[in-house]
Amino acid sequence: MGCAESAAILLVRGRAAASDRFEALIRRHVPDVGVTSDPERALERCLREPPPVLAVDWSDPADAEALCGRVRAQPGGEAVIVLALTERAADIDGILAAGASDFLLVGAEAEGAGAGAGVRARLRVARERAAREAAARHALAQTQARLVLAGRMASVGTLAAGVAHEINNPLAFVITNVDAAIRRIASLDRRSGASRSGPWGRAHGDGRVPPSELSEVLSLLEDAREGAERVRLIVRDLHTFSRAEGDRRGPVDVRRVLDSCVHMAMNEIRHRARVVRSFGEVPPVEASEPRLAQVFLNLVVNAAQAIPEGLAEQNEIELSTRCDAAGRVVVEVRDTGTGIAPEALGRIFDPFYTSKDEGLGLGLAICHAIVTALGGLIEVESRPGEGSTFRVVLPAGGPGEARAPAAPGDGAPRWAREGGRPATAEPQAAPRQRVLIIDDEPLLTRAIAGTLEPRHETTATASARDALARIRAGERYDAILCDLMMPDMTGMDFYASLAELAPEQQRRVVFLTGGAFTERSKAFLQQVDARLLLKPFDAATLLSMVDEVVASR
Numbered sequence: 038m039g040c041a042e043s044a045a046i047l048l049v050r051g052r053a054a055a056s057d058r059f060e061a062l063i064r065r066h067v068p069d070v071g072v073t074s075d076p077e078r079a080l081e082r083c084l085r086e087p088p089p090v091l092a093v094d095w096s097d098p099a100d101a102e103a104l105c106g107r108v109r110a111q112p113g114g115e116a117v118i119v120l121a122l123t124e125r126a127a128d129i130d131g132i133l134a135a136g137a138s139d140f141l142l143v144g145a146e147a148e149g150a151g152a153g154a155g156v157r158a159r160l161r162v163a164r165e166r167a168a169r170e171a172a173a174r175h176a177l178a179q180t181q182a183r184l185v186l187a188g189r190m191a192s193v194g195t196l197a198a199g200v201a202h203e204i205n206n207p208l209a210f211v212i213t214n215v216d217a218a219i220r221r222i223a224s225l226d227r228r229s230g231a232s233r234s235g236p237w238g239r240a241h242g243d244g245r246v247p248p249s250e251l252s253e254v255l256s257l258l259e260d261a262r263e264g265a266e267r268v269r270l271i272v273r274d275l276h277t278f279s280r281a282e283g284d285r286r287g288p289v290d291v292r293r294v295l296d297s298c299v300h301m302a303m304n305e306i307r308h309r310a311r312v313v314r315s316f317g318e319v320p321p322v323e324a325s326e327p328r329l330a331q332v333f334l335n336l337v338v339n340a341a342q343a344i345p346e347g348l349a350e351q352n353e354i355e356l357s358t359r360c361d362a363a364g365r366v367v368v369e370v371r372d373t374g375t376g377i378a379p380e381a382l383g384r385i386f387d388p389f390y391t392s393k394d395e396g397l398g399l400g401l402a403i404c405h406a407i408v409t410a411l412g413g414l415i416e417v418e419s420r421p422g423e424g425s426t427f428r429v430v431l432p433a434g435g436p437g438e439a440r441a442p443a444a445p446g447d448g449a450p451r452w453a454r455e456g457g458r459p460a461t462a463e464p465q466a467a468p469r470q471r472v473l474i475i476d477d478e479p480l481l482t483r484a485i486a487g488t489l490e491p492r493h494e495t496t497a498t499a500s501a502r503d504a505l506a507r508i509r510a511g512e513r514y515d516a517i518l519c520d521l522m523m524p525d526m527t528g529m530d531f532y533a534s535l536a537e538l539a540p541e542q543q544r545r546v547v548f549l550t551g552g553a554f555t556e557r558s559k560a561f562l563q564q565v566d567a568r569l570l571l572k573p574f575d576a577a578t579l580l581s582m583v584d585e586v587v588a589s590r
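Counting along the sequence shown from 1, when you hit position 336 you're at 373 in this note's numbering, and nothing is skipped either side.
Structure follows, in structure tokens:
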């Protein structure tokens, strides 16, 4: 006999004549019944896709008990609802001992024993129980998948923060040294009377004098500085997504987040479409920036993947921002891709629903959950062949300055600062000050000292303990640049020691960090009112920070 794949009840017949009566009885009350006489086929079906109810003819107890045991022993077998069918009340103890979920006593003995409220009611109870347990298993599987995804995302975030930190350290001395070289060669070039070349030089020079060898070297350095700046922005954007802030909220500029998402997704976009920005003026929204970035990155990547590769000039992804009549912030991500089928639109935000060949189908479901938790809504409009538009509507936040994507994360002090474009002008002359540099990266300490030396007297050390010994011996400094995380003695411990040794020197401290914040460092930065300089920084930012510390005396 056939074995229906999606039947509500799968009946496993035995060899006795009672099987005919069992089958006829069940079919009278349940229209959707699958039947098999082969226990192996029943086991195969249970292993592949457990039926809602597995009804077993218990006329031959030994065979039935063996089948029940094999069902329970296979992966997921404990979840199968096994309904034993018998005409003998004496079988009930053995049925329950064998691991059956329930039993149905039929025939004369059923009436004599007064068991149940009828066959139909008993079958309905078995099916309802099976449905409840199947729903519970599905919900548990969804929860487990979300937990696995959350664990993976946390691991990726930790890895990304570590990678960003390791990149920022060498990038800091690359940028600082290149900036120093650009300033010095530019000064020599100006004195030689030759005009500058290169991307920035062409913007400032008149171009009438052929470039000298110095100008050519300067052009190469400027190109290298441009490449380093791109790396800095990539690492900054990576840091936006790796910040372990939980759901800490603050004012966020959605346009900045969208720009960061485009940078992160550019590898997916560049071969498929042009990016069009239609950014209207909008107020900040009150949100967790990493969570909001997760939403927009998912939408941008989905938009790119909806467009076939190779026709980038004919397709576009438009990002737009505006305010609606109610004052809410509206963000739209529109693409000219393949579109979404009408039957899929109603399920697009359902967990585990996906039209792709890979992936868990949780991306848009998570987006929906994040936006809803922020008090907003997310909508989609699409037609096959005409592209899609995803719309995120968020309530505007209160007054306050939106955080930049490069903010250092939880616990960042109010004086946190990052680098940007290099300053090509010569620094103005100022009185030389004493600056102490503490960092376990020797190339960075040399780069910082080289940048500061024309204006300040510098002392460099790789050890915070050595720095404390100098201060204990009576040395004093106008500014102290100290790495936050060092292997021998951290900047945090150095700062705490200054409170007893030389409290006035605490106010001179500027912490340097590549962005890998530990829980302890986050808590520390929340408690102290100290300046923070994010690596990689450029010469202009470094000099400005030192001047600020000196001026605060």
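Ideal Cβ positions, reconstructed from N, Cα and C, are used throughout, including at glycine.
Do residue i and residue j have their C-beta atoms within less than 8 Å of each other?
i: Phe329; j: Val289; result: Reading the sequence as shown, one finds Leu at residue 329 and not Phe. The answer is yes: Cβ separation under 8 Å.
i: Leu518; j: Val472; result: yes
i: Arg314; j: Ala349; result: no
i: Glu326; j: Val294; result: yes
i: Ala433; j: Pro320; result: yes
i: Ala45; j: Val90; result: yes
i: Asn593; j: Thr373; result: Absent from the model: residue 593. The displayed extent of the chain is 38 to 590, so no value can be given.
i: Arg365; j: Leu431; result: yes
i: Arg509; j: Asp525; result: no
i: Asp97; j: Ala135; result: no
i: Val332; j: Cys404; result: yes
i: Glu418; j: Ser425; result: yes
i: Gln542; j: Tyr514; result: yes
i: Ala516; j: Ile475; result: no
i: Leu122; j: Asp94; result: yes
i: Leu160; j: Val67; result: yes
i: Ala484; j: Asn214; result: yes
i: Ala302; j: Ala341; result: yes
i: Val72; j: Arg58; result: no
i: Leu549; j: Leu521; result: yes
i: Leu120; j: Ala92; result: yes
i: Ile212; j: Ala265; result: yes
i: Val587; j: Leu570; result: no
Could you compute how far the alpha carbon of residue i sits from the alpha carbon of residue j?
i: Asn205; j: Ala497; result: 20 Å
i: Val468; j: Ser589; result: For the record, residue 468 in the displayed sequence is Pro; it is not Val. Cα-Cα distance, rounded: 15 Å.
i: Glu250; j: Pro573; result: 29 Å
i: Ser138; j: Lys559; result: 53 Å
i: Ser581; j: Phe386; result: 48 Å
i: Ile63; j: Cys83; result: 20 Å
i: Ala576; j: His493; result: 13 Å
i: Gln111; j: Leu356; result: 51 Å
i: Arg359; j: Arg269; result: 29 Å
i: Glu165; j: Ala172; result: 11 Å
i: His175; j: Ala567; result: 50 Å
i: Ser232; j: Arg262; result: Residue placement at Ser232 cannot be trusted, given a pLDDT of 46 that sits under 50; the coordinates are not used to answer.
i: Phe531; j: Gly347; result: 56 Å
i: Pro88; j: Ile377; result: 33 Å
i: Ser234; j: Pro491; result: Residue placement at Ser234 is poorly supported in this model, since its pLDDT is 47, which falls under 50; the coordinates are not used for a value here.
i: Glu380; j: Arg85; result: 27 Å
i: Ala486; j: Leu177; result: 58 Å
i: Phe140; j: Ala168; result: 17 Å
i: Ala413; j: Ile306; result: The question names Ala, but residue 413 in the sequence shown is Gly. Approximately 27 Å between the Cα atoms of the pair.
i: Glu622; j: Pro540; result: Limits of the chain in this structure are 38 at one end and 590 at the other, which puts residue 622 out of reach.
Measure the beta-carbon distance from residue i to residue j and round it to whole angstroms, keeping in mind my assumption that it falls under 8 Å.
i: Thr495; j: Leu489; result: 5 Å
i: Glu115; j: Arg107; result: So it is not a contact: roughly 13 Å between Cβ atoms.
i: Ala201; j: Val272; result: 5 Å
i: Ala126; j: Leu142; result: 6 Å
i: Ser323; j: Arg286; result: According to the sequence shown, residue 323 is Glu rather than Ser. Right, the Cβ-Cβ distance comes to about 5 Å (below 8 Å), so this counts as a contact.
i: Leu48; j: Glu60; result: 6 Å
Please name the residue, chosen from the options, that lies closest to residue i on a Cα-to-Cα basis.
i: Ile219; options: Ile271, Leu255, Asp520 and Phe548; result: Leu255
i: Leu208; options: Gly551, Arg557 and Asp584; result: Gly551
i: Asp296; options: Phe316, Ala402, Leu225 and His405; result: Phe316
i: Val408; options: Arg428, Glu423, Pro421 and Arg420; result: Arg428
i: Glu423; options: Arg371, Arg384 and Ala402; result: Arg371
i: Gly511; options: Met522, Arg78 and Leu538; result: Leu538
i: Val565; options: Thr578, Gly528, Leu401 and Ala217; result: Gly528
i: Asp477; options: Gly487, Ala499, Ala486 and Leu414; result: Ala499
i: Cys298; options: Asn339, Asp260 and Val70; result: Asn339
i: Asp216; options: Val583, Leu579 and Asp584; result: Leu579
i: Gly113; options: Asp130, Glu102 and Glu81; result: Glu81
For chain B, find out if any of its Cβ atoms is closer than 8 Å to the Cβ of residue i; answer yes or no.
i: Ala501; result: Protein chains in the displayed structure number just one, and chain B is not present.
>> Just to confirm the assignment: which complete alpha helix (DSSP H) runs, minimum length 4, are found wholly within the region 465–518?
In response: 479–489 and 501–509
>> As an exercise, report each continuous alpha helix (DSSP H) stretch of at least 4 residues that is fully enclosed by the region 308–393, in chain order.
In response: 326–342 and 379–382
> Which runs of the beta strand (DSSP E), 3 residues or longer, sit entirely within the region 113–146?
Replying inline: 119–123 and 139–142
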